[in-house]
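K.L.:
The structure follows.
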Amino acid sequence: MVIVINIFIVKDKNELSNHLVQRISTRNRKVGRDTIKTGVNKSTIRTYWSKLNSFFEWLLSKKLIAQNPLLGMNAPRPQFNDKREIIESDIKKLYSAITLYPPNTFVLRRDTAMISLLIWIYESCANSFVSILLLYVAILKPL
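By the working numbering, the letter at position 76 of the sequence shown is numbered 78, and the numbering carries on one by one without gaps.
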């Protein structure tokens, strides 16, 4: 097994921050089968920053480094612009999927109640219903 470690020596934190953001922003990645995209969203950069910060804090707690190199460096603030919304035909499809083949009446009632609650939350709070629906799907996946 060969492990390659790239070492980047920095003189100040801004140089490190710029270097990290520049490398991530120009990285090519494969999306799907045939699509190549360059760069990532600010939310991805923030996730990377958070994981690196945790790693450096762990190194600091083990006294393997003298100082966290990300200390004092601000993580980028992501902006979420999810403009998708659910329409009446989508709601009908959800209810149809629930009522088509329920394994038993308990599951039918449970799923109907959950979808109804999510629609009520969406209509009353005007939050991103898609995010709530994805959470619902993630909860039901093990079933």
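Beta carbons: idealized from backbone N, C-alpha and C, even for Gly.
Applying the 10 Å Cβ sphere with the 16-neighbour rule, what's the burial state of W51?
P.N.:
Residue mapping note: residue 51 aligns to position 49 of the sequence shown, counting from 1. So W51 counts as buried.
K.L.:
Between the stretch 38-56 and the stretch 68-82, do at least 3 Cβ pairs fall closer than 8 Å?
P.N.:
Touching, yes, given that three or more Cβ pairs across the two stretches are closer than 8 Å.
K.L.:
Just checking my contact of I67 with L96 at CB under 8 Å: how many whole Å lie between their CB atoms?
P.N.:
Your numbering for residue 67 matches position 65 in the sequence shown. Your numbering for residue 96 matches position 94 in the sequence shown. Contact flag wrong, Cβ pair sits at about 51 Å.
K.L.:
Measure from the alpha carbon of N43 to the alpha carbon of each residue in W60, S56 and Q24, then state which is nearest.
P.N.:
Residue numbering aside, residue 43 sits at position 41 when the sequence shown is read from its first letter. Cα-wise, what sits closest to N43 is Q24.
K.L.:
Need the endpoints of the alpha helix (DSSP H) that T40 sits in, please.
P.N.:
To locate residue 40, count along the sequence shown from 1; it is residue 38. Not the alpha helix (DSSP H): T40 falls in the beta strand (DSSP E), residues T37 to T40.
K.L.:
What are the start and end residues of the beta strand (DSSP E) that includes N76?
P.N.:
If you number the sequence shown from 1, residue 76 lands on position 74. Element bounds for N76: n/a, residue is neither H nor E.
K.L.:
Identify which residue in S91, E59, K64 and K65 has its Cα closest to the Cα of L73.
P.N.:
The residue you call residue 73 lines up with position 71 of the sequence shown. Of S91, E59, K64 and K65, the residue nearest in Cα terms is E59.
K.L.:
Looking only at C-alpha atoms, which of T40, G41, I89 and S45 sits nearest to I121?
P.N.:
Here residue 121 corresponds to residue number 119 of the sequence shown, with the count starting at 1. Among T40, G41, I89 and S45, the Cα nearest to that of I121 is on I89.
K.L.:
Comparing alpha-carbon positions, which option in F57, I93 and S45 lies nearest L119?
P.N.:
Numbered from 1 along the sequence shown, position 117 holds the residue referred to as residue 119. Checking every option, the nearest Cα to that of L119 belongs to I93.
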